[in-house]
Each structure stands twice: as C-alpha cells, then as structure tokens.
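Everything below concerns the one structure shown next.
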Amino acid sequence: MAGVIRRLSHRLHVDLVRSPKGVQHLTTLVVTAVSTILLTRLFLELTGYPQIGGSSLHIAHVLPGGLLMLAALVLLLAHIGAGPRPPAAVLGGVGFGLFIDEVGKFVTTDNDYFYEPAAAIMYVVFALLVTWATRWRRSRPLDPDERVAGAAFALVDGLAGRLSERRRDDALRLLEKAGDSPGAAEIGRLLRQVRPAPVSPSHHLEDLWVAVRSLFDRLAGTRWAVPLMGALLLAQALGATLIAVGLWRAGEGDGVSFSGVLLGATASFFLALAGLRRWRDEGRRAAVESFQRAVLVSLLLTQVFLFAASQFTATAGLLVDLVLLGLLTADLDRLRRTGEEPAQS
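Structural data, given as structure tokens:
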C-alpha cells in the first residue's frame with residue numbers, strides 16, 4: 041500500500057513528507073476507534089437501544105461521528121505544527137468509530153444495524169490499517185531529508201512557544217540521525233535556543249504513548265520474551281480452532297467461517313512452530329520475523345472469519361494480536377538499533 045500511495049503522489053505531483061510520529065498517531069486513531077465501537081455497542085445493549093430524536097426523528101450516531109471527524113480536520117487544517125495532531129487523532133478515532141459502527145445500515149437495503157457481516161467489515165478495515173501502519177515505516181525508513189523536515193516541523197511549535205522539552209529532545213535526535221543533511225545544523229541551533237513550554241494535554245497523550253512503548257521495549261528485550269510469544273501464538277491458534285469447532289457444533293457458524301478460521305489458525309500455528317525452531321537454529325531475529333508473519337495471518341485471516349461468527353470472542357483475539365504485534369515491532373526496532381537490521385519479508 042505504501043508503494044501505491046507513493047506512485048500515486050508522484051502521478052498527481054503531490055509531495056508527501058512522512059511524519060516521524062505517523063505510526064504513533066495512526067495507532068492512537070485505531071485504538072480510539074475500536075474502543076469507541078465496543079463502548080457504543082455496550083452502552084446500546086445496556087440501555088435497550090434508545091432512539092434519539094423522538095417518534096418522528098432518528099439521530100443516528102453516525103452524525104456526531106461525522107462532526108467529530110470534521111473537528112479533527114479543522115484542527116489539522118487551521119493550525120500548524122505538531123501540537124494539534126494528538127488530539128486530532130483522538131477526535132478522529134472517536135468519530136470514525138461512531139461512523140463505521142453503523143456500516144451495517146450502509147450496505148443493506150433495510151438499514152440493518154445488526155447485519156452480521158458488519159463486524160467482519162469493520163475488522164478488515166482496522167486490521168488493514170494496523171498492518172499497513174506497522175509495515176509502512178519498516179519497508180522504507182525515513183531518509184535524512186525527511187528527518188530534517190520532521191525536526192523543522194517541531195521547530196514550528198518552538199518558535200511559537202509551544203514545544204515541550206521532550207519533543208525538542210526527540211527533534212534533536214532526529215537531526216543526529218540526519219547527519220550533515222542540508223539545514224540540519226541550522227535547525228538544531230534554533231531548537232537549542234527555544235525555551236521549552238509547559239506540558240499541555242496533547243503532551244500527556246504523547247506521554248501515555250511513550251510509557252506504553254517503553255513497556256513494550258522492556259518486555260520485548262527480556263530473555264523469556266521469545267518463548268512466551270511463541271507459546272501465546274500456539275495457544276491462540278489452538279484456542280481459535282476449538283472455538284470454531286464449538287460454534288460449528290452449536291450451529292452458530294457457517295462453513296465459510298469455520299474453514300477460514302481453521303485455515304488461518306493452522307497457518308499461524310505452523311509459523312509459530314517455525315519461529316521457535318528458527319530461534320534455536322538461527323537466532324532471535326529469525327524467530328521474531330516468523331512470529332510477526334503468524335500474527336499478521338491471525339489478524340488478516342483468522343480473526344476476520346471469527347468475527348463473522350462471534351464478535352466478542354474475536355475481540356479478545358484482536359487484543360492479543362495487537363499486544364503481540366506491539367511486542368514484535370518493539371523487538372524488531374530494538375534489533376535494528378543494535379545493528380541487527382531485520383530482513384524484509
């Protein structure tokens with residue numbers, strides 16, 4: 041997908057400079073959107089699906105969802121600098137969650153909110169977005185010019201008195217990796233001259249991200265992380281198979297869903313086994329790469345078909361996959377920082 045976007049931007053003569061925090065903001069959007077869907081469905085279930093607007097009107101929650109997405113766009117379009125991006129990611133995530141939660145009404149002639157494949161449609165959208173965001177940066181790391189541009193973007197906040205000390209340090213680290221790229225020295229000098237600003241609510245959002253990422257880094261770097269992740273992948277594949285068999289026997293799943301879960305779980309199981317074997321024979325990097333393939337198969341195949349049969353069961357599987365994907369991504373980033381650049385799969 042990244043290559044398609046790059047080629048399209050060249051054809052349309054649109055210059056797209058990637059953000060150093062793009063993956064962070066996209067992840068915030070996805071987590072917020074998924075949480076919004078789950079909380080919305082829980083609230084509607086507990087309150088008996090109330091109708092807002094009385095007997096003659098029905099104000100669907102897709103409307104406030106659209107307004108929140110508009111608010112996120114206004115934040116980004118009306119302001120400069122990196123400050124608006126964390127709150128825009130949260131507002132956009134809540135708005136998109138409210139919007140796509142009603143996808144069943146959009147694809148059926150009778151406006152069926154409870155259309156069963158709607159859960160699978162929502163899941164595919166989020167799974168593709170998470171997968172693309174995870175692979176986007178690794179497929180083509182930021183080049184020196186993009187690092188300088190990212191630091192200059194942070195400098196905008198600094199010149200307006202809105203740059204925190206941690207954001208300034210992040211920008212300076214970007215410049216260190218940019219080497220002697222044009223403009224790096226001048227931007228670094230200006231960044232060191234600006235006075236750090238007090239911490240704002242948007243800074244707290246980034247602090248939360250940093251805390252989660254730091255936790256993943258610590259967990260992924262332990263000696264027991266590889267066997268534990270392998271065991272979790274094996275258990276998840278076996279659990280998905282048993283759940284699919286149980287749903288099939290109870291008459292709650294069709295043949296397509298059962299076959300899809302079985303195929304995905306089998307592929308994930310053998311990829312996890314291969315990872316444990318490669319850990320013993322080839323080392324940690326090879327194992328982590330096999331585990332990542334197993335998680336992606338689970339995300340894009342197993343959980344999709346499981347969602348069609350059991351939404352809440354697949355939600356648990358989605359959370360496990362996201363945690364594993366975060367751990368594996370943190371481990372691959374750590375290996376890259378220490379000089380063990382992972383091969384591209």
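Sequential numbering from 41 applies to the sequence shown in my numbering.
Where a beta carbon is used, it is the ideal one built from N, C-alpha and C, also for glycine.
To the nearest angstrom, how far is it from the Cα of residue i to the Cα of residue j?
| i | j | result |
| --- | --- | --- |
| Y153 | G88 | 14 Å |
| L199 | L303 | 55 Å |
| L346 | G357 | 9 Å |
| T281 | V130 | 35 Å |
| G286 | V71 | 29 Å |
| L214 | L84 | 46 Å |
| S385 | G137 | Note on S385: pLDDT 38, under 50, position unreliable in the model; the coordinate value appears next. Distance between the alpha carbons of S385 and G137: 31 Å. |
| P127 | R202 | 15 Å |
| V188 | A224 | 6 Å |
| V301 | L341 | 7 Å |
| G366 | E329 | 13 Å |
| L375 | V57 | 26 Å |
| R206 | L212 | 10 Å |
| T369 | E156 | 32 Å |
| E380 | A159 | A caution first: E380 carries a pLDDT of 47, below 50, which makes its placement in the model unreliable, though a value can still be read off. Roughly 39 Å between the two C-alpha positions. |
| P222 | D210 | 19 Å |
| L273 | G295 | 24 Å |
| S204 | L86 | 42 Å |
| T148 | R232 | 57 Å |
| L359 | F310 | 21 Å |
| G121 | L248 | 20 Å |
| L110 | D373 | 34 Å |
| R289 | S299 | 14 Å |
| T76 | W172 | 21 Å |
| Q91 | H98 | 6 Å |
| M162 | L69 | 14 Å |
| R320 | Q332 | 17 Å |
| D150 | V164 | 23 Å |
| T67 | G279 | 27 Å |
| D257 | V102 | 37 Å |
Which term fits residue i, buried or exposed, when burial requires 16 or more other beta carbons within 10 angstroms of its beta carbon?
| i | result |
| --- | --- |
| H65 | buried |
| F166 | buried |
| A410 | Outside the displayed span of the chain (41 to 385) sits residue 410, for which this structure offers no information. |
| I283 | buried |
| F146 | exposed |
| D361 | buried |
| P60 | buried |
| W264 | exposed |
| A191 | buried |
| G291 | exposed |
| L168 | exposed |
| T262 | exposed |
| L364 | buried |
| R208 | buried |
Residue i and residue j look like a contact to me (Cβ under 8 Å); what is the Cβ gap, rounded to whole Å?
| i | j | result |
| --- | --- | --- |
| V337 | S308 | 5 Å |
| P104 | L115 | Between L115 and P104 the Cβ distance is about 16 Å, and since that is not below 8 Å, they are no contact. |
| L343 | A334 | The sequence shown places Gln at residue 343, rather than the Leu named in the question. With a Cβ gap of about 13 Å, Q343 and A334 do not count as contacting. |
| D371 | A260 | 4 Å |
| V134 | L108 | 5 Å |
| L339 | V170 | 7 Å |
| G132 | A100 | Actually they do not touch by this definition, with Cβ atoms about 19 Å apart. |
| L305 | A277 | Residue identity check: residue 305 is Ala in the sequence provided, not Leu. Their Cβ separation, rounded to whole angstroms, is 4 Å, which keeps A305 and A277 in contact under 8 Å. |
Taking Cβ positions only, does residue i come closer than 7 Å to chain B?
| i | result |
| --- | --- |
| L273 | The chain inventory of the structure shown lacks chain B, comprising one protein chain alone. |
When every heavy atom of the ligand FAD is checked, does at least one fall within less than 6 Å of the C-beta of residue i?
| i | result |
| --- | --- |
| V234 | In the structure shown, the ligand FAD is absent, as is every other ligand, since no ligand is present at all. |
Examine the Cβ distances between the stretch 268-276 and the stretch 228-235 and report whether three or more of them are shorter than 8 Å. no
Could you tell me whether the stretch 65-85 touches the stretch 133-151, where touching means 3 or more Cβ pairs closer than 8 Å? yes
How do the stretch 309-319 and the stretch 251-261 stand: do at least 3 beta-carbon pairs fall below 8 Å, yes or no? no
Contact the stretch 316-331 vs the stretch 232-239: 3+ CB pairs below 8 Å: no
For the structure I just gave you, are there three or more beta carbon pairs, one from the stretch 202-221 and one from the stretch 183-193, closer than 8 Å? yes
For the 8 Å Cβ check, are there 3 or more pairs between the stretch 168-177 and the stretch 187-199? no
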